[in-house]
Amino acid sequence: MNSGRAKHEGINFELRDISAVKCQQGIYVLIIKVSKSIRQVIGKMGEKEFAAGFYSYTGRARKGLGKRLS
1 MNSGRAKHEG INFELRDISA VKCQQGIYVL IIKVSKSIRQ VIGKMGEKEF
51 AAGFYSYTGR ARKGLGKRLS
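Spelled out as structure tokens, the structure:
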């Protein structure tokens, strides 16, 4: 996915055009806005509750940003 928008259980996210950097390796930060309190399953951590607000997630893309963000 090069760009797009989606909505998932109170989380709005927008992926801007990443075509210029999709093959690059590096560290990325996702800024996530949660518009209302939600419960979400997070991998092995299980179900967690998130209050409305902003959250950040930092990750590493060794094989390119396109594979991590699509």
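Residue numbering for the sequence shown follows the working numbering, starting at 1 and increasing by one per position. Glycine included, each C-beta is placed from N, C-alpha and C at the ideal position. Quick caveat, the model's predicted, so the values are computed rather than measured.
Taking 9 angstroms as the cut-off, decide whether the C-beta atoms of residue i and residue j are in contact.
i     : j     : result
Phe50 : Ile38 : yes
Gln25 : Gly64 : yes
Lys33 : Gln40 : no
Give the single residue among the options whose Cα lies nearest to the Cα of residue i.
i     : options                       : result
Ser35 : Ser56, Met45, Ala52 and Lys44 : Ala52
Ile42 : Ile31, Tyr28, Tyr57 and Val29 : Tyr57
Return yes when at least one heavy atom of the ligand NAD lies under 8 angstroms from the C-beta of residue i, else no.
i     : result
Ile38 : The ligand NAD is not part of this structure, which contains no ligands at all.
Please return the same chain residues whose Cβ sits closer than 7 angstroms to the Cβ of residue i, not counting the five positions on each side in sequence.
i     : result
Arg62 : Gln25
Ile31 : Phe54 and Ser56
With a CB to CB cut of under 6 angstroms and the five nearest residues on each side skipped, what residues in its chain are close to residue i?
i     : result
Lys44 : none
Ile27 : Arg60
Val29 : Ser56 and Thr58
Taking just the CA atoms, how far does residue j sit from residue i?
i     : j     : result
Gly46 : Ser19 : 33 angstroms
Cys23 : Gly66 : 6 angstroms
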